[in-house]
Amino acid sequence: MKKYMCIPCGYIYDPEIGDPDGGIAPGTSFEDIPDDWQCPICFVGKEDFELITE
3 MKKYMCIPCG
13 YIYDPEIGDP
23 DGGIAPGTSF
33 EDIPDDWQCP
43 ICFVGKEDFE
53 LITE
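Taking our numbering as reference, the numbering of the sequence shown is continuous, increasing by one, and the terminal residue is 56.
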C-alpha cells in the first residue's frame, strides 16, 4: 500500500498502521480516509500530503 507524507511536518501516513487515535483503522488506504481527516501532528488536511515514491 502507498504511503503519504505530510508536507508541513513530515508525518508519514502508513496504511498498514492507519491512525487509530484519529479513527482510521489499520489497512485503510489514504484514498479511503474521509476528506475531513487531519494530520495527527500538525492538523493540516489531506490536500497537504504527497505520495512517497520509494
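Just so you know, even glycine gets a beta-carbon here, dropped at the ideal spot from N, CA and C.
Is residue j closer than 8 angstroms to residue i when the C-beta atoms are compared?
| i | j | result |
| --- | --- | --- |
| V46 | P10 | yes |
| K48 | D37 | yes |
| G24 | P42 | yes |
| Y13 | I54 | no |
On the DSSP letters alone, give me the boundaries of the beta strand (DSSP E) that residue i sits inside.
| i | result |
| --- | --- |
| M7 | Y6 to C8 |
Looking at chain C, is there any beta carbon in it that lies within less than 8 angstroms of the beta carbon of residue i?
| i | result |
| --- | --- |
| G12 | Of the chains in the structure shown, none is chain C; there is only one protein chain. |
Can you grab the Cα-Cα spacing for the pair residue i / residue j, in whole Å?
| i | j | result |
| --- | --- | --- |
| E18 | K4 | 9 angstroms |
What does DSSP give as the partner residues of residue i in its beta bridges?
| i | result |
| --- | --- |
| G47 | Q40 |
| D16 | Answer is none; D16 lacks a bridge partner. |
Is residue i near the ligand ADP - that is, is its Cβ less than 7 angstroms away from at least one heavy atom of it?
| i | result |
| --- | --- |
| I54 | Absence of the ligand ADP from the depicted structure is noted, as is the absence of any ligand whatsoever, leaving it without description. |
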